[in-house]
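Chemist: For reference, the structure I am asking about is given below.
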Amino acid sequence: MRKKVPWVAIIAAANVILCGWALVSYLYLRVQVVLANDQTWRFEQSRSHALASKNAEGVADLQKIVQEYPSGTKQSKGSLLDQLVEQQRASAVREVLAHLRKETGKNLGDDPNIWIETYSKN
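Going letter by letter, the sequence shown gives residues 0 to 121 in numbering that gives the first Met the number 0.
Given below as structure tokens:
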């Protein structure tokens, strides 16, 4: 009976360590998801505002989408959440560029930086 007690203690300690590791991993992932949600929400707000704008007024929103929180800022660069955020960014940029083409009657291409340089009020 005495020989089993140390093994039980070792197994219990291992379980506590594994549960602690799982909890920390879960909390880290939860924080990353909240940050990714915040980023995509900001892209959506800027996209919506840009699509409601007239002429080239949406360029300021386009600039926010392109420059705010670059890849790897809030998530590990290249991680699945980072890829998801960047897909949402690219989608918002495409929609804003399509709106700007319609509103301005010009086609400056798919590079948002050219639009920003051309129409930015800075």
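Positions of the beta carbon are idealized from the N, C-alpha and C atoms, including for glycine.
(1) Helix, strand or coil: which one does DSSP assign to residue 94?
(2) Would residue 99 and residue 71 qualify as a contact pair, given that the criterion is a beta-carbon distance under 7 Å?
(3) Contact check, residue 35 vs residue 80 under 8 Å by CB: the rounded distance?
(4) When you compare the CB positions of residue 82 and residue 31, do they come within less than 7 Å of one another, or not?
(5) State the DSSP-derived secondary structure class of residue 5, mapped to helix, strand or coil.
(6) Could you give the DSSP three-state label for residue 106: helix, strand or coil?
(7) Return the CA-CA distance between residue 43 and residue 88, expressed in angstroms with no decimal places.
(8) Starting from residue 63, follow the alpha helix (DSSP H) in both directions and report where the run begins and ends.
(9) Is it right to say residue 91 is buried, meaning 16 or more other beta carbons lie within 10 angstroms of its own, or is it exposed?
(10) Give me the Cα-Cα distance between residue 116 and residue 95, rounded to the nearest whole angstrom.
(11) Do residue 60 and residue 49 have their CB atoms nearer than 7 Å?
(12) If distances are taken between C-alpha atoms only, which option among 107, 68, 62 and 51 comes closest to residue 120?
(13) Counting C-beta neighbours from all protein chains within 10 Å, is the total for residue 24 16 or more, i.e. buried, or is it exposed?
Modeler: Looking at the coordinates:
(1) helix
(2) no
(3) With 8 Å as the limit, residue 35 and residue 80 qualify as a contact, their Cβ atoms being about 4 Å apart.
(4) no
(5) helix
(6) coil
(7) Roughly 9 Å separates the two Cα atoms.
(8) 58-66
(9) buried
(10) If I take the Cα positions, the gap works out to 15 Å.
(11) yes
(12) Nearest of 107, 68, 62 and 51 to residue 120, Cα basis: 62.
(13) exposed
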